[in-house]
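> Each residue of the sequence shown is one higher than the one before, starting from 53 at the first, in our numbering.
Can you read through this structure? Questions will come right after.
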Amino acid sequence: MAAFPGLFRSQAARRARLEALERYAVISWWDGRFDAEIRPSPFPGVELVRIQHNAGEGEVVILVQKTRAGVSYGHAAGGTVTSAALRAAVELARADFVITAHRAKGALSQVANFLERRALHFSTELGYAQFRERLARPADRPAPRWNPVFDGEIPGPWSRWTTVWRCAVAMPTRDYLEPRSDFFFW
Numbered sequence: 053m054a055a056f057p058g059l060f061r062s063q064a065a066r067r068a069r070l071e072a073l074e075r076y077a078v079i080s081w082w083d084g085r086f087d088a089e090i091r092p093s094p095f096p097g098v099e100l101v102r103i104q105h106n107a108g109e110g111e112v113v114i115l116v117q118k119t120r121a122g123v124s125y126g127h128a129a130g131g132t133v134t135s136a137a138l139r140a141a142v143e144l145a146r147a148d149f150v151i152t153a154h155r156a157k158g159a160l161s162q163v164a165n166f167l168e169r170r171a172l173h174f175s176t177e178l179g180y181a182q183f184r185e186r187l188a189r190p191a192d193r194p195a196p197r198w199n200p201v202f203d204g205e206i207p208g209p210w211s212r213w214t215t216v217w218r219c220a221v222a223m224p225t226r227d228y229l230e231p232r233s234d235f236f237f238w
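This is the structure in structure tokens:
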């Protein structure tokens, strides 16, 4: 979903499609349906992984950084690898902050939900090893078809000031919804 003020319908639609592409590519890659490759990163000390998807326009990257708190990840889509990396860097910084805060609280901190549990799991050496293992493996399942089930404006009282756009794509699996699964998506 994306919202842009005023008459910028095309920007809201493009941003919503990139959000859908990000989820589609990351979920499909983790499910063994797309390959990924390590590419040069614009950020020192940060690894960049580019997912090779079949959805046409747009790039999807995962940034990975090891810090004292653990391993942090940020993923995003953009028109180019560089623009996707810039968006992913914001997510990477947020993830590092959350992991650092959680570790600082120690035993006092309760995991709020399964998505937070996954993020914390993948910040550990075990989770990072699972990530590296998947990265080293080529795709071994059929690639899904990019299939938007909804791609349109969401009208409402806000339409006077902003355009809200939603793009929802059929996912190749529902495993990412399983709370007990260590699926690389949160």
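In this text, a Cβ means the ideal position worked out from N, Cα and C, and glycines have one as well.
Just so you know, these numbers come straight off a predicted model, no measurement behind them.
Using 10 angstroms around the beta-carbon of Gly204, count the other beta-carbons present and answer buried if the total reaches 16, otherwise exposed.
By one-based count along the sequence shown, residue 204 stands at place 152. Exposed, by the Cβ-count rule.
> Do the stretch 131-144 and the stretch 104-120 touch if we need at least three Cβ pairs shorter than 8 Å?
yes
> Which one of Ala65, Glu109, Leu187 and Thr225 has the shortest CA to CA distance from Arg91?
On the sequence shown, position 39 is the one that residue 91 refers to. When only C-alpha atoms are compared, the closest one is Leu187.
> Among all the DSSP beta bridges, which residues are the ones paired with Phe202?
For the purposes of this step, residue 202 is taken as residue 150 along the sequence shown, with counting starting at 1. DSSP, once it has assigned bridges, lists Ala220 as partnering Phe202.
> Using only the alpha-carbon positions, how far apart do Ala164 and Ala153 sit?
What you label residue 164 is simply residue 112 of the sequence shown in a count that begins at 1. What you label residue 153 is simply residue 101 of the sequence shown in a count that begins at 1. Computed Cα separation, rounded: 13 Å.
> At the level of alpha carbons, what is the spacing between Thr70 and Ile79?
Translated into positions along the sequence shown, residue 70 becomes position 18. Translated into positions along the sequence shown, residue 79 becomes position 27. Residue identity differs from the one stated: residue 70 is Leu in this sequence, not Thr. Leu70 and Ile79: Cα-Cα distance of roughly 14 Å.
> Run the CB neighbour count on Glu74, radius 10 Å, all protein chains shown included, and call it buried at 16 or more, exposed below.
Position 22 of the sequence shown, counting from 1, holds the residue named residue 74. The residue in question, Glu74, is buried, as its Cβ has 16 or more Cβ neighbours within 10 Å.
> How about Arg85 and Arg193: are their beta carbons less than 7 Å apart?
Numbered from its first residue, the sequence shown carries residue 85 at position 33. Numbered from its first residue, the sequence shown carries residue 193 at position 141. It is a contact, given that the beta carbons lie within the stated cut-off.
> Please return the same chain residues whose Cβ sits closer than 6 Å to the Cβ of Tyr76, not counting the five positions on each side in sequence.
Taking the first residue of the sequence shown as 1, we reach residue 76 at position 24. The answer, listed in chain order, is Val221.
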